[in-house]
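Asker: Keeping their order, the protein sequence lines are chains A and B.
For what it's worth, my numbering labels the leading residue of the first sequence as 1, then goes sequentially.
For what it's worth, my numbering labels the leading residue of the second sequence as 1001, then goes sequentially.
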Amino acid sequence: MSSILNALMDIVGEDYASDRYEELFTYSKDLGTSEPQWPEYVVAPKRVEEVQKIVYLANKEKVAIVPLGGGLTLAGLALPLKGGIIIDMKRMDQIIEVNEQARYIVVEGGISHGAITAYLHKQHPHLMHSEPGAPPAATVAGNIAIHGQGDLAHPYGFNTDMINGLEVVLPTGEIARFGSCAVGSGWYTMHPLPDLGFFLGWNGTTGIITKVSLRLFPYKKIREMDVFSVIDEELVPEILYELSHLGLSEDLITTSAAIPPMMNRIHNTSIIIAGDYEEEIEFKRHMIFDVTLAKYIHSGVGGIGAVSMERARPTISKSADWKKGGGFEYVGSIMPVSSYPECYRRGAEISEKHDIPYTVLGRVIGCCHAMMFSWFYAFNRADPETVRHAREALHETDEMVMEINGTIWKPAVFGQKLMMDRMDRTTLQLMKKVKDLLDPNGIMNPGNWEVK
Amino acid sequence: MYKLNFNEEMCFACKTQDCLVRCQHLDIDQNTARAEMEKIINGEDSFVLHDCVTCYACEEYCPHGNHPFYLIVQRQDELGISPLPEPLVKRGIQTGIPFRGEPEISEIKGTALNMGVFSNLMDHVQGKLFEGLPIMSHDPRKMFHYFCQLMYLHYGKTSLINERLVNILETIAAHKATELIQFHDECYGTYTSYAPAFGIEVPFKSIHLFDYLYHKLLELKDDIKPLNFKVAYQRPCSSRLSPDMHPYVGKIFDLIGVEQVKREYVDENALCCGATILGQKKEGSRRYCVEIQKKNIEDMKKAGAEICVFNCPACMQTLGMPVSKNGIMPLFMSDLCRLAIGEKIA
Chain A
1 MSSILNALMD
11 IVGEDYASDR
21 YEELFTYSKD
31 LGTSEPQWPE
41 YVVAPKRVEE
51 VQKIVYLANK
61 EKVAIVPLGG
71 GLTLAGLALP
81 LKGGIIIDMK
91 RMDQIIEVNE
101 QARYIVVEGG
111 ISHGAITAYL
121 HKQHPHLMHS
131 EPGAPPAATV
141 AGNIAIHGQG
151 DLAHPYGFNT
161 DMINGLEVVL
171 PTGEIARFGS
181 CAVGSGWYTM
191 HPLPDLGFFL
201 GWNGTTGIIT
211 KVSLRLFPYK
221 KIREMDVFSV
231 IDEELVPEIL
241 YELSHLGLSE
251 DLITTSAAIP
261 PMMNRIHNTS
271 IIIAGDYEEE
281 IEFKRHMIFD
291 VTLAKYIHSG
301 VGGIGAVSME
311 RARPTISKSA
321 DWKKGGGFEY
331 VGSIMPVSSY
341 PECYRRGAEI
351 SEKHDIPYTV
361 LGRVIGCCHA
371 MMFSWFYAFN
381 RADPETVRHA
391 REALHETDEM
401 VMEINGTIWK
411 PAVFGQKLMM
421 DRMDRTTLQL
431 MKKVKDLLDP
441 NGIMNPGNWE
451 VK
Chain B
1001 MYKLNFNEEM
1011 CFACKTQDCL
1021 VRCQHLDIDQ
1031 NTARAEMEKI
1041 INGEDSFVLH
1051 DCVTCYACEE
1061 YCPHGNHPFY
1071 LIVQRQDELG
1081 ISPLPEPLVK
1091 RGIQTGIPFR
1101 GEPEISEIKG
1111 TALNMGVFSN
1121 LMDHVQGKLF
1131 EGLPIMSHDP
1141 RKMFHYFCQL
1151 MYLHYGKTSL
1161 INERLVNILE
1171 TIAAHKATEL
1181 IQFHDECYGT
1191 YTSYAPAFGI
1201 EVPFKSIHLF
1211 DYLYHKLLEL
1221 KDDIKPLNFK
1231 VAYQRPCSSR
1241 LSPDMHPYVG
1251 KIFDLIGVEQ
1261 VKREYVDENA
1271 LCCGATILGQ
1281 KKEGSRRYCV
1291 EIQKKNIEDM
1301 KKAGAEICVF
1311 NCPACMQTLG
1321 MPVSKNGIMP
1331 LFMSDLCRLA
1341 IGEKIA
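#1: Give me, in chain order, the residues of the same chain whose beta-carbon lies closer than 8 Å to that of A:Glu224; leave out the 5 immediate sequence neighbours on both sides.
#2: Given a cut-off of 9 Å, decide if B:Ile1172 and B:Ile1207 are closer than it, judged by their beta-carbon atoms.
#3: Opposite B:Thr1111 in the DSSP bridges: which residues?
#4: What are the boundary residues of the beta strand (DSSP E) that includes A:Ala320?
#5: Strictly by DSSP, which residues pair up with A:Val107?
#6: What are the residues of the segment 1015-1042 of chain B that lie near chain A, defined by any Cβ-Cβ distance shorter than 9 Å?
#7: Applying a beta-carbon distance threshold of less than 7 Å, which residues of chain B neighbour A:His298?
#8: Measure the CB-CB distance between A:Glu456 and A:Lys353 and report whether it falls below 9 Å.
#9: Out of A:Asn6, A:Ile404, A:Asp30, A:Tyr41, which one is the CA nearest neighbour of A:Glu23?
#10: With DSSP run on the structure shown, which of helix, strand or coil describes B:Gln1234?
#11: Flag this pair as yes or no: are the beta carbons of B:Arg1263 and B:Gln1126 separated by less than 9 Å?
#12: I need the DSSP call for A:Phe460, collapsed to helix, strand or coil.
#13: Three-state secondary structure (DSSP) at A:His267?
#14: On the premise that A:Ile87 lies in contact with A:Val51, defined as a C-beta separation below 8 Å, what is that separation, rounded to the nearest angstrom?
#15: If contact means a Cβ-Cβ distance below 7 Å, which residues of the segment 1085-1119 of chain B contact chain A?
#16: Could you tell me which chain A residues have their CB closer than 8 Å to the CB of B:Met1321, listed as they occur along the chain?
#17: How many whole angstroms separate the CB atoms of A:Val301 and B:Pro1085, which I take to be in contact at a CB cut-off of 8 Å?
#18: Using the Cβ count rule (16 or more neighbours within 10 Å means buried), how would you classify B:Glu1268?
#19: Closer than 9 Å, Cβ to any Cβ of chain B: which residues of the segment 270-297 of chain A, in chain order?
#20: Residues bridged to A:Arg223 by DSSP?
#21: What residue does the beta strand (DSSP E) around A:Ile356 start on, and which one ends it?
#22: Determine the closest residue to B:Gln1094 out of A:Tyr21, A:Gly114, A:Glu35, A:Met263, with distance taken between C-alpha atoms.
#23: What does a CB cutoff of less than 7 Å around B:Arg1100 pick up in its chain, not counting 5 residues either side in sequence?
#24: Determine whether the Cβ of A:Arg265 lies closer than 9 Å to any Cβ atom of chain B.
#25: Run through chain B and tell me which residues come within less than 9 Å of A:Gly362, C-beta to C-beta.
#26: Output the distance between the C-alpha atoms of B:Cys1135 and A:Glu392, rounded to the nearest integer angstrom.
#27: Bridge partners of A:Tyr377, per DSSP?
#28: Spell out whether any CB of chain B is found under 9 Å from the CB atom of A:Gly326.
#29: Apart from the five residues on each side of it in sequence, which residues of its chain come closer than 8 Å, Cβ to Cβ, to A:Met402?
#30: Taking B:Arg1240 as the query, report the chain A residues whose CB atoms sit under 7 Å from its CB, ordered along the chain.
#31: Check whether the Cβ atoms of A:Ala378 and A:Thr359 sit closer than 9 Å, and answer yes or no.
#32: What residues from chain A crowd round B:Arg1286, counting only those whose CB sits closer than 7 Å?
#33: Within this structure, are the beta carbons of A:Thr255 and A:Gly362 separated by less than 9 Å?
#34: Going by other Cβ atoms of all chains shown within 10 Å of its Cβ, with 16 needed for buried, is B:Pro1103 buried or exposed?
#35: The beta strand (DSSP E) that contains B:Gly1320, what's its start and end?
#36: Return helix, strand or coil for A:Thr407, following the three-state DSSP convention.
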């Protein structure tokens, strides 16, 4: 047995560290098109002090460490590109505090969004957090490490805009806190202290997020999904703009897909509304359909696709099964809402070129301040040719995003390079300086956001 | 090219114009009704073509069985007058396109139950009432091959129905069943009313689900324990195409010991569920839909209904939740019958 494995077992106990082939096999995989990348060890800490010791060990041994949450990015962001130790954070899943009055929850970074939702539903039924469209197993720290968005993106922005405090194990092993918790005042605000935001969106290359204070929001008793449909994609930006001006929706998502046929070349905007009373809900429906969108309905270019539907999580992953083989990966981007028509058209062209039924989705972030637009490419896991097509389509889409002045969201290494090639040189050098300062041995998730 | 069998002379000679005069949704006197029907017969535009909510009821109101509703829809189609906005029409048309392979055709001897486009509702055709009955269209992936297409009457598209129905009939005929119990009123109406009206040949006999349930319950009479519920029945639009089957509702209720509550909106005066009105182009359609749904449910409550019985899945989808929020349990007729013979329902 290697000395590193022995040391890891000393830290977390022998049940939670391994170099066994079958366990490393699992951690070598990503659900998307990435090639397997093998770690040498996997370790699952329970306490922040254990994380700290693992980081000290990695620095001493000059071995790479890759923090892993739910492993659901599909872009291979938690694959050990340079081997080393995978730190599986999912055992750090405790809820530390809920402040009902101040509407925040303090959790360990490895807790899943599904667990938070379930807990709040049971213990604090008047509160909710912004749960991402990913499966419920997505972890809180993993999601903010990629600047995720959730089902409250329209009113409140990115999930990283909803953070009241952080605890991070730095790449050199120190434990640092950010926000009011850093001055011992509780976990209720990130401001007004000087901004040290070097951890959000860094894919775990600048530290390991171990605690998070998330803002909570009112959870209304009634929640429904209404749908508004148009054929002309050029109408989508103005419809989203008008709905965001009205400001009555919790979430606005427009989708279109070649399959099922009922979605083909039609743009369906899901409008999520919530209220404590039926009268409140009916008032919102009235303002949305009878007032704001009435002109589209009467002129025949827009239609009420559905009302009073149970709110459904995005079921885009189903697109993986329309053909065969169950695989899919997507490119996400952050775009102006006005780019929806071009994003849709260009994406449909790329899909057609690679014989993949097109599937696209745009979610409004903030009051139409931006949109997360994504293009989904299905492939058959058992057919290397379809995997190749999907990979090429993903790369072409990354390039297209850059070409139309978008920003790739949670880019894979290919997309990171495209962005860094175009990045302002001063900004790029600052990224390098920050990284070198925080991680002098270059051990944190190497290969990601790597400035040469 | 199929031609609607509509007797113009009979319509011109009609003494009542009940088709339009009795319409629940348009306020039309007899003279106006006569004049507008004349326009429609002559292929001219009429406000009726724009304001019709497509509730099917005029098919039942016509005292001559002369298919005024099919004529209205055919004229909407010919004149390009769609009750629904373009995206809903496109979506609706595309909904009926099969996309998950061809159905497996197995030969069926005699009688089968046709689920049509509701293969995902197999939970509602279980137990003794359906024991031993072969099922056609049991696979949700393939159900669009059995979609009767009649829904497109709501879309002003008789041409689409006629174009697609031929293939659907070929698929069904390939199973060689001689009799089909139609799970949905819409299928029954297609094969017993719409197809004959357009001269489309149907190579099998259709049995209405209620007709089947009633006779099956008679066979199982010893198992029936009166349920003693007070029930309201939500009549679907397509039942207007087979008013001769409507009396089975009362006969089944009598047989299983439930009391059909006395209501204003019942039988010929029944209100539609509103599903199709909701999305129509005409100004105020959504509010009107909400209004008639409210009137309908208030009427059920006032009459003391404990259960609202559905046959149409679309009505159930539209009104099921609102009635339950008003303290009335929504149930499919088949499930109510199963309860009466002591079975548990899903």
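Just so it is clear, CB atoms sit at the ideal spot from N, CA and C, and this is done for glycine as well.
This one's a predicted model, so the numbers in the text were calculated from it and none came from an experiment.
Answerer: A quick look at the data gives this:
#1: If you number the first sequence from 1, residue 224 of chain A lands on position 224. Closer than 8 Å at Cβ, skipping near neighbours: Ile272, Ile273, Ala274, Ile281, Val307, Ser308, Met309, Glu310, Arg311.
#2: By 1-based counting over the second sequence, the position of residue 1207 of chain B is 207. By 1-based counting over the second sequence, the position of residue 1172 of chain B is 172. No, they are not a contact pair.
#3: Against the second sequence, residue 1111 of chain B aligns to sequence position 111. DSSP, once it has assigned bridges, lists B:Glu1179 as partnering B:Thr1111.
#4: For the purposes of this step, residue 320 of chain A is taken as residue 320 along the first sequence, with counting starting at 1. Here A:Ala320 belongs to no beta strand (DSSP E); instead the alpha helix (DSSP H) covers 319-322.
#5: On the first sequence, position 107 is the one that residue 107 of chain A refers to. According to DSSP, A:Val107 bridges with A:Ile95, A:Val212.
#6: none
#7: Position 298 of the first sequence, counted from the first residue, corresponds to residue 298 of chain A. Near A:His298 (Cβ distances below 7 Å), the residues of chain B are Lys1281, Glu1283.
#8: Here chain A has residues from 1 to 452 only, and residue 456 of chain A is not among them.
#9: Residue mapping note: residue 23 of chain A aligns to position 23 of the first sequence, counting from 1. Checked all of A:Asn6, A:Ile404, A:Asp30, A:Tyr41; the closest Cα to A:Glu23 is A:Tyr41.
#10: Here residue 1234 of chain B refers to the residue found at position 234 when the second sequence is read from its first residue. Reduced to three states, the DSSP call for B:Gln1234 is strand.
#11: Position 263 of the second sequence, counted from the start, is the residue given in the question as residue 1263 of chain B. Position 126 of the second sequence, counted from the start, is the residue given in the question as residue 1126 of chain B. For B:Arg1263 and B:Gln1126, no; Cβs fall outside 9 Å.
#12: This structure cannot speak to residue 460 of chain A, because chain A is shown only from 1 to 452.
#13: If you number the first sequence from 1, residue 267 of chain A lands on position 267. A:His267 falls in the strand class under three-state DSSP.
#14: Numbered from 1 along the first sequence, position 51 holds the residue referred to as residue 51 of chain A. Numbered from 1 along the first sequence, position 87 holds the residue referred to as residue 87 of chain A. Indeed they touch by this definition, with Cβ atoms about 7 Å apart.
#15: Pro1085, Glu1086, Pro1087, Leu1088, Lys1090, Arg1091, Gln1094, Thr1095, Ile1097, Phe1099
#16: Sequence index remark: in the second sequence, residue 1321 of chain B carries index 321 (1-based). Correct list: Ser308.
#17: The residue you call residue 301 of chain A lines up with position 301 of the first sequence. The residue you call residue 1085 of chain B lines up with position 85 of the second sequence. The beta carbons of A:Val301 and B:Pro1085 sit about 7 Å from each other, so the pair counts as a contact at 8 Å.
#18: Taking the first residue of the second sequence as position 1, residue 1268 of chain B is located at position 268. Exposed is the call here.
#19: Glu278, Glu282, Arg285, His286, Phe289, Asp290, Ala294, Tyr296, Ile297
#20: On the first sequence, residue 223 of chain A is found 223 positions in, with the first residue counted as 1. Beta-bridge annotation (DSSP): A:Arg223 is paired with A:Ala274.
#21: Looking up residue 356 of chain A in the first sequence gives position 356. Segment: none, A:Ile356 is in no beta strand (DSSP E) and carries neither H nor E.
#22: In the second sequence, the residue the question calls residue 1094 of chain B occupies position 94. If we check each option's Cα against that of B:Gln1094, A:Met263 comes out closest.
#23: Within the second sequence, numbered from 1, the residue matching residue 1100 of chain B stands at position 100. Cβ within range, chain order: Arg1141, Lys1142.
#24: The sequence position of residue 265 of chain A within the first sequence is 265, counting from 1. Closer than 9 Å: yes.
#25: Taking the first residue of the first sequence as 1, we reach residue 362 of chain A at position 362. The premise fails here: A:Gly362 is roughly 17 Å from chain B at the closest Cβ pair, so nothing lies under 9 Å.
#26: Sequence index remark: in the second sequence, residue 1135 of chain B carries index 135 (1-based). Sequence index remark: in the first sequence, residue 392 of chain A carries index 392 (1-based). Checking the sequence shown, residue 1135 of chain B turns out to be Ile, not Cys. Going by the C-alpha atoms only, they are around 45 Å apart.
#27: As a first step, residue 377 of chain A must be located in the first sequence, where it is residue number 377. As DSSP reads the structure, A:Tyr377 sits in a beta bridge with A:Glu329.
#28: Along the first sequence, one-based indexing puts residue 326 of chain A at 326. Output row for A:Gly326: interface = no.
#29: Counted from its first residue, the first sequence places residue 402 of chain A at position 402. Hits under 8 Å: Ile408, Leu418, Met419, Arg422.
#30: Looking up residue 1240 of chain B in the second sequence gives position 240. Within 7 Å Cβ-Cβ: nothing; B:Arg1240 doesn't reach chain A, min ~24 Å.
#31: Taking the first sequence and counting its residues from 1, the one referred to as residue 378 of chain A is at position 378. Taking the first sequence and counting its residues from 1, the one referred to as residue 359 of chain A is at position 359. Their beta carbons are under 9 Å apart, which means A:Ala378 touches A:Thr359 by this criterion.
#32: Against the second sequence, residue 1286 of chain B aligns to sequence position 286. Simply Phe289, Asp290, Ile304.
#33: Numbered from its first residue, the first sequence carries residue 255 of chain A at position 255. Numbered from its first residue, the first sequence carries residue 362 of chain A at position 362. The answer is yes: Cβ separation under 9 Å.
#34: One-based indexing of the second sequence puts residue 1103 of chain B at position 103. With 16 or more Cβ atoms within 10 Å of its Cβ, B:Pro1103 is classed as buried.
#35: Residue 1320 of chain B sits at position 320 when you count from the first residue of the second sequence. DSSP places B:Gly1320 in no beta strand (DSSP E) but in the uninterrupted alpha helix (DSSP H) bounded by 1313-1325.
#36: For the purposes of this step, residue 407 of chain A is taken as the residue at position 407 of the first sequence. A:Thr407: strand per DSSP, three-state reduction.
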